[in-house]
Structures are given as C-alpha cells and as structure tokens.
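There are 2 protein chains.
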Amino acid sequence: MKRIPEVTVERLIKYLRFVEEMEKEGMRNLTAKQIAGSLGLNPHLVRKDLAYFGQFGKRGKGYQTEKLKETLRKIMGLDKRWRVALVGVGNLGSALLRYPGFKERGFDVICAFDTSPQKIGKQIGAVKIESMDKIEEIISKENIKIAILSIPKEAAEEVSDRLLKAGIMGILNFAPRHLQYSYPFRVLNVDLSLYLESLTFYLENDGKKNLSM
Amino acid sequence: MKRIPEVTVERLIKYLRFVEEMEKEGMRNLTAKQIAGSLGLNPHLVRKDLAYFGQFGKRGKGYQTEKLKETLRKIMGLDKRWRVALVGVGNLGSALLRYPGFKERGFDVICAFDTSPQKIGKQIGAVKIESMDKIEEIISKENIKIAILSIPKEAAEEVSDRLLKAGIMGILNFAPRHLQYSYPFRVLNVDLSLYLESLTFYLENDGKKNLSM
DNA sequence: TAAAGTTAATGAAAATTTTCATAAAATGAA
DNA sequence: TTCATTTTATGAAAATTTTCATTAACTTTA
Chain P
55 MKRIPEVTVE RLIKYLRFVE EMEKEGMRNL TAKQIAGSLG LNPHLVRKDL
105 AYFGQFGKRG KGYQTEKLKE TLRKIMGLDK RWRVALVGVG NLGSALLRYP
155 GFKERGFDVI CAFDTSPQKI GKQIGAVKIE SMDKIEEIIS KENIKIAILS
205 IPKEAAEEVS DRLLKAGIMG ILNFAPRHLQ YSYPFRVLNV DLSLYLESLT
255 FYLENDGKKN LSM
Chain X
55 MKRIPEVTVE RLIKYLRFVE EMEKEGMRNL TAKQIAGSLG LNPHLVRKDL
105 AYFGQFGKRG KGYQTEKLKE TLRKIMGLDK RWRVALVGVG NLGSALLRYP
155 GFKERGFDVI CAFDTSPQKI GKQIGAVKIE SMDKIEEIIS KENIKIAILS
205 IPKEAAEEVS DRLLKAGIMG ILNFAPRHLQ YSYPFRVLNV DLSLYLESLT
255 FYLENDGKKN LSM
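So the protein sequences, as listed, match chains P and X. For what it's worth, the working numbering labels the leading residue of the first sequence as 55, then goes sequentially. For what it's worth, the working numbering labels the leading residue of the second sequence as 55, then goes sequentially.
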C-alpha cells in the first residue's frame, strides 16, 4: 500500500463526518462531487484520497453511502470504541470532560488526573478525578492508549514523557507548548489561542496587499 | 509582495511563540536552525518563510530576537489587542470564557451570547451574558471583528450567517460542522473530536502497513 | 590579519500535492 | 438497443511546497 499523506488523513475524517450526516438524511448514494462540495474541495481530490484504500465507488453512480461509511470508519480505526485518559482538570479540562462530542464519536474518557488536592476524589460525570501520582498505575492497568492533555504549559513536557512511558501512544495536547515525539508516538498539538492568531493575520492583511488568499 | 502560503502563516505563529519564549529566557539572537529545531522543521524552510516579509536576519549571526518578535507580531496583526465575541455559553463556551490563554495572547472576550434564559444576565468573569437577540446590536455597536462560536452544530450555520452580517470578519468555530465562507470572511473550524479521530488513524495503522508516517 | 566556521539569502532541484484529461463503466432517455 | 450523460479510476500535468546548493556576510580563533 502506498504511503498516505497526512493531509489525506485529515480530509478522510471530514469525509466520514459528511457521509454519516448524509446517511442520516437518507442518502443511499453519494458522489465525489457532493462530498467535495460540502468541504469546498475538488472532486478529483476526493476520489484520489479514497482510492488509496481501494476502489469502492461505482462509475456513473457514486459511492454507496453505508459501505463508504463502514470503510472509512474501519480505515480510521473508528469501528471500535477508544478509552481515553484526561490529564489536567482545570477550566478547559473539565469542559472537555463534560464535552459530549467525544463519547458521540466513540471516545470514552474513563479516567482523569489532577494535582490539586481539592479536585482529587471528586467526580465529574462518570469519571473520578485521581491524583497524578497514579498516572502510571492506572494507565497501565486500564491499558489506555490515548490521553488528552490540558495542563499548564510548564508541566507539559514532563507529564507527556510520563504518559508515553506508561503506555500512552497518542496525545491530544491542549497545553500551549508544541510537543513532539518520534515514531511510534503521535502528538496532536491543539493550541486554542494560536487559532485566533492565524485569523488575525488574514483580517490584518486582507485587502491591503495582494496576498491572494 | 508574493502570495503567502497558508502553511506559512500557520508556521509563523509557531515561530512567534518560540521567539517570545526564547526572548524571555534571555536569548538576544536566534538562528533559523534553533527555530526549526524546536518545531522539527528544516532551517531552510524557516528562512524562506521569514524571507516572504523581507530580510531581517544577519548572516553568520542569525535573527535578532526582539526585532524578529516585533516584526512577526506586526505581520500577524498581533501588535494590538483584539476584541472578541463569544457565542454559546455551554460547557465548552464557558470554559473558553475563563480560558486565560486568549487574554494572554492579546484577545479580549468582551461579550458573550446565549439563548438560555437561565444564563442571560449572568456574569462570567468580566463578561455579562447577553441574549442572542442582541447579537447584531452589540457586535455592531462595539465594532467587533472576531467571534468564537461554541454552539450546537444544528444552529451553527444560521448563527454564523448572522454574525457575518453584523460585521464579524473572522470566526473561530468549535461547533462540529464545517463552515465555509468566501473572501473576505474567514472561518477556522476547530472540531475537537476530529482531532482524536486523526490520532486513531495512526494508532490503528502504524506498524501494520508500510504507511511511512 | 588571515583562516575557518556559521549562517542568511536565493535561485534551482526535488518532492509532494492537487488538478486535469482520458478511458471505462453504469445509468437513463429516446 | 443506442446514444448522451454521469461518474469513478488512473496516469499525466501543473502547481505548490520543501529541500538543496551556492554565495556572501559576519564571527571567532589563532
């Protein structure tokens, strides 16, 4: 199998979203054009992305919605549920704990960690907050592979090192510090203010110069 | 001026982060190699990105930290503060309201909107929650250009339409629905579960196939 | 001062990603 | 059936992005 470009992976998830939504609305078939249109992409690109994984479209007809959905879910590893640990139950962390979107999409946050004695032992939803001293013990016992990191940037590196040693393979990092590990570990850095900052670039420069954006 | 690739803009913000941090640690000069190293990039790429905006490095020495910082801040439109509206004060929305990172980076969330009568009139930090009926009035009176959207996906399109009509130019969208508008409007879609989903692709496929990732 | 080592700038080359063009298969209408 | 239309699959072309190679400027060391 050919190497899959990272940009393709990001798009596949979006395709899956759209396909699921269209399935709900009763669409039995979807064309590359429809999928592309919903995301402002070129239909050729959609076909090429899908073709990495085999040919499951029918010429003249498009893609069978359900089959496409199942295939995409399998490709993305989303045909099963994932157990997730959350580290850092501050403002953002506790909002993420309560965020229904994760469960809806197959991710069960089954444990949470914090350093603050006031928080340890408390319950948020179905999850009891544990001491960060227990990270290694619980992660390994529960065999958790994914962690969400929402702690201050100063602690990010140290804690992520510990997580990976304890058995975590992928981290979704909300701490505003760029984390990076090499294969086979995966980190996705999500820096909320960074997003706002990329908006201002365009607001500031649009129209003024001939930046064709 | 040449067209600036979108990937470059995303990197510039990260460079700025690093440069500011290094300045705090007392570094008066930074080389492209150092900047690149911190983000796992090629130093040539850093130089090329910076060169879009003129030449402010010194051969044999690197870039003057403070000057580079100031220039990047100016390029990104971050040499001034931005006033931001937040729409949707649910779990995520109220966490974002309390999130200190925005203010730290120059963004002042000065108003918040919700539909729920229980929430309207309440105060979170310095911000009073207003009825969504007042979106147009307040956005326009306060001349706000940026909005953060943290509402259910069903309402996303309708509300974003209203925001843009009211004068908003850029939206940071946390609703799990891909929003898209054409120039001069800008939307940044931030779908939290989508990030987890892109992690699972790699966790699922790494090692199994020769996807060189 | 001279020589060796760094490092930015820049145009060229390579790699990657996207778009295009064509062929083949399926559909629907006449 | 036949023909026009739609749409996927796929290899080629184009565009974009990244990496490389060279040159020139500056720094450090002897």
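We put the CB at the ideal spot given by N, CA and C, even for glycine.
Residue contact check for residue 230 of chain P against chain X: a CB pair falls below 9 Å. Using a Cβ distance threshold of 9 Å, residue 103 of chain X and residue 65 of chain X count as a contacting pair.
Listed along chain X, the residues sitting closer than 8 Å to residue 156 of chain P by beta-carbon distance are 246, 247, 250.
Look at residue 116 of chain P here: in three-state DSSP terms it is strand.
Within 7 Å of the CB of residue 120 of chain P, no CB atom of chain X is found; the nearest one sits about 19 Å away. For residue 147 of chain P, the enclosing alpha helix (DSSP H) has its first and last residue at 145-152. Per DSSP, residue 75 of chain P is not a residue of any beta strand (DSSP E); the alpha helix (DSSP H) it occupies stretches across 60-78.
Each residue's CA atom was taken as its position, placing residue 141 of chain P and residue 116 of chain P some 43 Å apart.
In this model, residue 63 of chain P and residue 194 of chain P are separated by some 28 Å (Cα to Cα).
Non-local C-beta neighbours of residue 234 of chain P in its own chain, meaning closer than 7 Å and more than five positions away in sequence, comprise 241, ordered along the chain.
The region 79-90 of chain X and the region 111-127 of chain X touch, with no fewer than 3 CB-CB distances between them shorter than 8 Å.
Residue 130 of chain P and residue 156 of chain P have their C-alpha atoms some 15 Å from each other. Three or more Cβ pairs drawn from the region 181-195 of chain X and the region 158-167 of chain X lie within less than 8 Å of each other, which places the two stretches in contact. In this structure the region 118-134 of chain P lies against the region 72-79 of chain P, because at least three pairs of beta carbons, one per stretch, are closer than 8 Å. From the listed residues P:237, P:68, P:219, P:133, the smallest Cα separation to residue 100 of chain P is found for P:68. Secondary structure note for residue 259 of chain P: it is in no beta strand (DSSP E), and the uninterrupted alpha helix (DSSP H) holding it is 246-259. Under the three-state reduction of DSSP, residue 195 of chain P is assigned to helix. Residue 250 of chain X is not a Cβ neighbour of residue 230 of chain X, given a cutoff of 9 Å.
Take residue 221 of chain P, set aside five residues on each side of it, and the residues of its chain with a beta-carbon closer than 6 Å to its own are 193, 194, in chain order. Beta-bridge annotation (DSSP): residue 84 of chain X is paired with X:117. Under the three-state reduction of DSSP, residue 176 of chain X is assigned to coil, being neither helix nor strand.
Residue X:77 holds the alpha-carbon nearest to the alpha-carbon of residue 124 of chain X among X:77, X:175, X:223.
For residue 80 of chain X, there are no CB contacts under 6 Å within the same chain when 5 residues up- and downstream are skipped. DSSP places residue 142 of chain X in the coil class of the three-state scheme, outside both helix and strand. Residue 209 of chain X sits in a helix when the DSSP states are folded into three classes.
Proximity of chain X to residue 145 of chain P at the Cβ level (cut-off 9 Å) is accounted for by 148, 149, 150, 151, 152, 153, 154, in chain order. Cβ contact annotation for residue 210 of chain X (same chain, cutoff 8 Å, sequence separation greater than five): 203, 227, 229, 231, 233, in chain order. Residue 224 of chain X sits close to residue 199 of chain X, with the two beta carbons spaced by under 9 Å. Near chain P, meaning a CB-to-CB distance below 9 Å, the residues of the region 56-74 of chain X are 56, 57, 58, 60, 63, 64, 66, 67, 68, 70, 71, 72. At a cut-off of 9 Å, the C-beta of residue 113 of chain P has no neighbouring C-beta in chain X.
Distance from the CA atom of residue 154 of chain P to the CA atom of residue 126 of chain X, rounded to whole angstroms, is 37 Å. From the beta-carbon of residue 170 of chain P, no residue of chain X is found nearer than 8 Å; the closest lies around 16 Å away. For the region 77-106 of chain P, the set of residues with a beta-carbon nearer than 9 Å to any beta-carbon of chain X comprises 92, 93, 94, in chain order. Think of a sphere of 7 Å around the beta carbon of residue 199 of chain X: the chain P residues whose beta carbon falls inside it are 257, in chain order. With its beta carbon less than 9 Å from one in chain X, residue 234 of chain P belongs to the interface. In the three-state DSSP reduction, residue 201 of chain P falls in the strand class (E or B).
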